[in-house]
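First residue of the sequence shown: 1454, per this note's numbering; consecutive thereafter. Glycine is no exception: its CB is placed at the ideal position from the N, C-alpha and C atoms. So the structure is just underneath, and the comments pick up after that.
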Amino acid sequence: MVRYNAVEDPLCYPGTHVLRNKADIEDQDQLDEFEQLMFDSRANEALPDGELDFAHYRALHHHFFQDVYDWAGELRTIRTGKGNNWFCYPEYIESEAEKLFGELASRGYLAGAADKNTFAQEAAWFIAELNAIHPFREGNGRIQLVFLTMLARNAGYELNERKLRPKPFLEAMIVSFGGNLAPLTVEIRRML
């Protein structure tokens, strides 16, 4: 697993990169297991209602991570990145996210896509941009996938998450950071 780059993070236990959590777990592997267990348990509940806007996106994050982190649904406050890619600086997250979700609204939440290929292209654009903003300290990828599923349903498609290929999808997300959306489009299209 690729670990985050980050400046000193007050959300982590001192001297570690392990995020402070409600279960007070200081071992990263154990925290990963606990986090996934809590995420999966919340996945069996009704999702928060919303307008597919940024407030709704934040509510989704809170829903899935409220059992793990006190800051679930709150915006990231430190500079962070993965590999050689730094995500949006915290001071710009809200304005950039509002702009992106405004653009999504102007595109009819992708519901007007002529076919699955067009939807996959538009969804790849949106998910890549959202990933670059990376609004939360943890859980961005999982909430992106939840939101992608909601966008697909809104456009009249079903996203089959069992067809997700983690390694190719992650690689596609990495290259999308530099503007190459083709691999991400392919990975999204295979799940439709």
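Going by the beta-carbon positions, is the gap between residue 1500 and residue 1515 smaller than 9 Å? no
Which listed residue (1614, 1488, 1586) has its alpha carbon closest to that of residue 1532: 1586
Write down the C-beta distance between residue 1569 and residue 1642 rounded to the nearest angstrom, noting that I regard them as a contact closer than 8 Å. 6 Å
Taking all protein chains shown into account, decide if residue 1597 is buried (16 or more other Cβ within 10 angstroms of its Cβ) or exposed. buried
Assign residue 1522 to one of two classes, buried (16 or more other C-beta atoms within 10 Å of its C-beta) or exposed (fewer than that). buried
Check whether residue 1505 and residue 1604 have beta carbons under 9 Å apart: yes
Does the region 1546-1563 touch the region 1571-1579, meaning 3 or more C-beta pairs lie closer than 8 Å? yes
Would residue 1542 be called buried (16 or more neighbouring beta carbons within 10 Å of its own) or exposed? exposed
Taking C-beta to C-beta, are residue 1466 and residue 1486 nearer than 9 Å? no
What do you reckon, are the CB atoms on residue 1617 and residue 1640 nearer than 9 Å? yes
What does a CB cutoff of less than 6 Å around residue 1638 pick up in its chain, not counting 5 residues either side in sequence? 1573, 1574, 1577
Rounded to a whole number of angstroms, what is the C-alpha to C-alpha distance between residue 1635 and residue 1625? 8 Å
Using a Cβ-Cβ cutoff of less than 7 Å, which residues in the same chain neighbour residue 1593 once the five nearest sequence positions on both sides are dropped? 1584, 1587
Where does residue 1538 fall in DSSP's three states? strand
Cβ shell of residue 1608 (< 6 Å), same chain only, five flanking positions each side left out: 1563, 1564, 1566, 1572
Starting from the C-beta of residue 1538, find all residues in its chain whose C-beta is less than 6 Å away, skip the five residues before and the five after it, and write them out in chain order. 1630
Take residue 1513 and list the residues in its own chain whose beta-carbon comes closer than 7 Å to its own, dropping the five residues that flank it on each side. 1500, 1501, 1596, 1599, 1600
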